[in-house]
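Reviewing the structure listed below.
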Amino acid sequence: MQVTSTISVRNLVKRIGRREILHDISFEVYSGEIFGFLGPNGAGKTTTIRILTGLMKPTSGSVQVCGYDIMKDFTLAMSSVGAIVETPEAFRFLTGWQNLKQCARVSPSAISDDQIRNCVDTVGLSGRIHEKVQGYSLGMKQRLGLAGAILSSPSALILDEPTNGMDPRGVREIRDLLLHLARDRGISVFISTHLLLEAQAVCDRVAIIDQGSIVSIKSRSEISDRVSSLRVELTVANEHTGSALTVLQQIGMDGLLDHGRILIQIERTRIPFMLKSLLLADIDVYELARQGSALEDYFITSTQEALT
Amino acid sequence: MNAFVNEVLKLVYRRRLLVAFLLPTILSLGLGIFAYSHAALIKQSENWRPSIQLQLNSDEHMLPLVPSSQIRQAQNQIQVLRYQLAHNVSSQSTGPAASDATGISMTLVFPLVLIILGGDIISSELSDGTIKGILLRPLGRRKIFVSKFLAVLVIALLIRTYTDMLGYLISHCLVGGWLSFSTPVLMGDDIVNGMVNIAGLHVWPYWAFILLGYALNAVTMFSVSCVIMLISTVIKSPAMAVSTCVITFLVGGLLDQWIPWDGLKYFPMSNLDLVAQVTGASGAGSIGLFASLMTLIGFCVPCGLLAYWLFVRRDFSV
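Written as structure tokens, this is what we have:
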């Protein structure tokens, strides 16, 4: 299959005054993939997104969306982009519906009321779409912003913290929606977030940016492979806790008791052996859970490396 | 076009349109009542000639007592009255476009209307971040800026039309028959050394005067809009932007009434009432229609262009 890139960023440099905020950022987002953009606060995530969406001009470098240069052919490039930058602000004195109508009026192609209704249904805002935005919660504004972003059936979505302020159910709904858009409609999704679990759950590839430079771009499987030692949490029957610790000591693993659970730092490849040993000793294992995520471990190590 | 519709709708939903219409309505009603009482006074004497003669006599007697700063204005007034008697022109009060002899409409009310409409048209969206919503659409900044500018200007022109019609209607209803479209209007735009040149006085039919007045007012409103757009682009806080607009136009425009400095007449804000330049109503402070136009346009259009340039080029970190 021919892989085409929807968003292509080359050698982006942004200098404000004397300070260089972005140093030589390059990456590609392919069609149908969800591309995570992670970084600690102040790393340059939002600046990059502002440049991607034409809100700011780069000092040098180029951004192409669907083959159009964002600076030279802004209108053509943005015709195929839906975007949310930071919190999506809607006009407070208009209703959600009127806000979407405003978006529809300036879209490149005509958008019918039915299409708007569809988008509203998709983001789960149908119940309160005719209320003034003044009374919306942050999560509802996010949903409204997302509805506006997918209104003109874009081929690329650029989302900055799209689940910020949403309740757990909303987060899951948005996650499912993004997966559906990418898998079924072939839309490229560029998503910046600091929520590692969110990134882990949906992203095909992840770029980590720190202090204005891209530290690494890795696919999800590459990240899982790279992280060999993990922290796991073992829950066994209460009366077996003591003997479980003894078994672990015998096979050369250090268990740490914490609120009735046993915490273990272990090589990934040794987990089956540990479980077999516990079962042979007649210990009832109720739960074996991973602490943190592969991405989290990876994120911490990559950004620390950059700092040193 | 659709972007323009969006901007107009926003003004409607923010109730700016309502307030902008109310302001000149109140003014027109006030002026209408004033005109009515004035006309009733003239009617008592049946004939306008004796009252003009009376005024002329009293003005001529008062001339030696007039302070030197107002002497030119008084002399102009006398010249105009003499001309009226000589050429049989009944009145210089001329209905909607110039019914406000004080020039309050173009120096105060319409700058205010424009500020209500446009003072924060960009700054409000900059401060609450809603400008992003439009910038992220495939419009381009040129269209966004132009649609905002046009929304302000077109609505203001509509309000001007409405005000003129309302003014005419009120005068017509209250005063009756006093104004007809062929009523001659005294025009005195020929100012020599700050004096009305009697040879330059001439009479226009009322309808032509209305058209000319409307065109000149449109130029003023275009110019004021340019400056307002600049202020709204540069100042991010809506409250500061609106206050700056008020200071620029209202205080700037009233300066010449407070400070007796001759150079003030070359300030753009002293030249908002272009119609006064034509009728000679601005008297000693007048620099003539052409110079007045040039002062206004020469200052305001570069402001508008600067606003556009800044808006198109800037980085938005909203």
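Protein chains in written order, with our numbering: chain A, 1 to 308; chain B, 1001 to 1318.
The beta carbon of each residue, even a glycine, is placed where N, CA and C say it ideally should be.
Taken through DSSP and simplified to helix, strand or coil, A/H23 comes out as strand. Contact between the segment 1233 to 1245 of chain B and the segment 1106 to 1121 of chain B is established, with three or more Cβ pairs separated by less than 8 Å.
Per the Cβ contact rule, the segment 1155 to 1162 of chain B is in contact with the segment 1021 to 1030 of chain B (3 or more Cβ pairs under 8 Å). With contact defined as three or more Cβ pairs closer than 8 Å, the segment 27 to 41 of chain A and the segment 204 to 219 of chain A are in contact. Rounded to whole angstroms, the separation of the alpha carbons of A/I300 and A/L279 is 34 Å.
Restricting attention to A/G36, A/G242, A/P162, A/H23, the CA atom closest to the CA of A/A83 is found in A/P162. At a Cβ-Cβ threshold of 8 Å, A/R290 and A/L263 do not count as neighbours. Assigned with DSSP and collapsed to three states, A/S112 falls in coil, not helix or strand. When the beta-carbon positions are compared, B/I1235 and B/L1114 stay at least 8 Å from each other.
Here the alpha carbon of A/N238 sits roughly 14 Å from the alpha carbon of A/T246. At a cut-off of 8 Å between beta-carbon atoms, A/V29 makes no contact with chain B. Within 8 Å of the CB of A/C103, the CB atoms of chain B belong to G1133, R1137, in sequence order along the chain. For the C-beta of A/P108, the chain B residues within less than 8 Å are, from N- to C-terminus, P1138. Annotation for B/I1228: the continuous alpha helix (DSSP H) segment containing it runs 1206 to 1234. Look at A/S62: its C-beta is not under 8 Å from any C-beta on chain B.
With respect to chain B, the C-beta atom of A/T53 has a partner C-beta closer than 8 Å. For the 8 Å CB-CB criterion, A/I34 and A/G54 do not form a contact. Fully enclosed alpha helix (DSSP H) runs of no fewer than 4 residues occupy 74 to 79, 96 to 105, 113 to 122 of the segment 73 to 136 of chain A, in order along the chain.
Each residue's CA atom was taken as its position, placing A/Q115 and B/I1144 some 25 Å apart. Secondary-structure assignment with DSSP links A/Y286 through no beta bridge to anything. Shown here for B/I1134: same chain residues with a beta carbon closer than 7 Å to its own, the five before and five after excluded, namely I1144 in chain order. Around the Cβ of B/M1165, a 10 Å sphere holds fewer than 16 other Cβ atoms; the residue is exposed. Under a 10 Å Cβ-count criterion, A/E287 is classified as exposed, with fewer than 16 other Cβ atoms of the shown protein chains found around its own Cβ. For B/I1115, there is no enclosing beta strand (DSSP E); the residue is found in the alpha helix (DSSP H) stretching over 1110 to 1118. The segment 7 to 26 of chain A makes contact with the segment 56 to 66 of chain A; the number of CB pairs closer than 8 Å reaches 3 or more. A/M56 reaches chain B at D1315, F1316, S1317, counting residues in chain order whose Cβ is nearer than 8 Å. Any Cβ of chain A closer than 8 Å to the Cβ of B/G1118 would place that residue at the interface, and such an atom is absent.
Between the C-alpha atoms of A/H180 and B/F1222 there is a straight-line separation of about 51 Å. About 7 Å separates the beta carbon of A/V189 from that of A/L159, a gap short enough to meet the 8 Å contact definition. Its chain contains D1120, S1123, S1124, S1127 as the residues whose beta carbon lies nearer than 7 Å to that of B/P1238, once the 5 sequence neighbours on both sides are disregarded; these appear in chain order. In the three-state reduction of the DSSP assignment, B/S1317 falls in the coil class, being assigned neither a helical nor a strand state. Fewer than three beta-carbon pairs drawn from the segment 162 to 177 of chain A and the segment 265 to 274 of chain A are found closer than 8 Å, and the two stretches are therefore not classed as touching. Cα atoms of B/P1064 and B/A1074: separation of roughly 10 Å, rounded to the nearest angstrom. In this structure, the alpha-carbon of A/I174 lies about 34 Å from that of B/S1147. Within the segment 245 to 279 of chain A, complete beta strand (DSSP E) segments of at least 3 residues are found at 255 to 258, 261 to 267, given in chain order.
The DSSP-derived three-state label of A/D204 is coil.
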